[in-house]
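Working notes for the structure below.
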Amino acid sequence: MHDRSHKPQPAEAGNGGPAGEGGGGNVDRVLFKNLVEMVPLVESLMDRRVNPAYSRRASLVYTPAPPKKASDLKSVKLPQSVSAKKRRDPGDIAKKSTPDSNGDNGSVVPLSLSGAENMPKDEVAVLSEQINDLQKKLLEKEEALRSAESSVTEMNAAYATIDELRRLVADKEALIRSTNSQLHDAKIMLADKQASLEKLEWEVKMSNKKVEDLQGDMSNMGFEISSLMVFFEKISENVSE
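Heads up: the sequence shown begins at 1061 in this note's numbering, then just goes up one per residue.
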């Protein structure tokens, strides 16, 4: 990978240098001029890639040259290697000289086909999937919230019913206690009445006994009176004779 912080120096391209002295100075100046002219085009293409109004996107692709063999590298002279370094691919130099809009502080980010085309689509797909997951989770949370609210409503209704039943039970218990108290008082009154009745029965029995005794006394007194009458009659007869 190329160093992202590297930028081609105009001084090296404009001045001959060692490679220019080797016969590549004019070619390097032409390449540099072409690259400078390509910078606005690359920037406009990048703006079109970022702008959502454009449906088509464009990008520069750097295709590295195939590696050379060791024997070919040994046969290449030093000026040719330096000139080859200056004759880099225009796409590579444009990628290095063109700052990406997403770079920090003007840092250069190379363009690639997968980064320009697939990465936004992948991000959109990932974001869509995340949004769908969040929507599903939100629906689940809303359903759970509605279920919880329904459960809370049912529990509140059940608690209200339980409170009403407790109030009714308390009223019934108070009524039962009052009835038991009244029943206890009635039992006490009944016991008193029964005691009074028993007392009256005993008094009636005693009165009947006294009546019987009086009747016996009256019978005895009647017998005594009749005896006295007979005795008086006999005395009267004796006196008259």
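Don't be surprised by glycine CBs; every beta carbon is placed ideally from N, CA and C.
Cutoff 6 Å; reference residue i; Cβ partners in own chain excluding five residues on either side
i     : result
E1261 : none
N1216 : none
N1298 : none
Cβ shell of residue i (< 7 Å), same chain only, five flanking positions each side left out
i     : result
M1266 : none
L1199 : none
L1225 : none
L1235 : none
Beta-carbon contacts of residue i that lie in its chain and below 8 Å, excluding the five residues immediately before and after
i     : result
E1097 : none
D1164 : The pLDDT assigned to D1164 is 43, lower than 50, so where the model puts this residue is not dependable, and the model offers no usable value.
V1212 : none
S1296 : none
K1201 : none
Simplified DSSP state of residue i, which is helix, strand or coil
i     : result
S1286 : helix
Closer than 6 Å: residue i CB and nearest the ligand NAP heavy atom
i     : result
Q1242 : Among the ligands in the structure shown, none appear at all, so the ligand NAP cannot be discussed.
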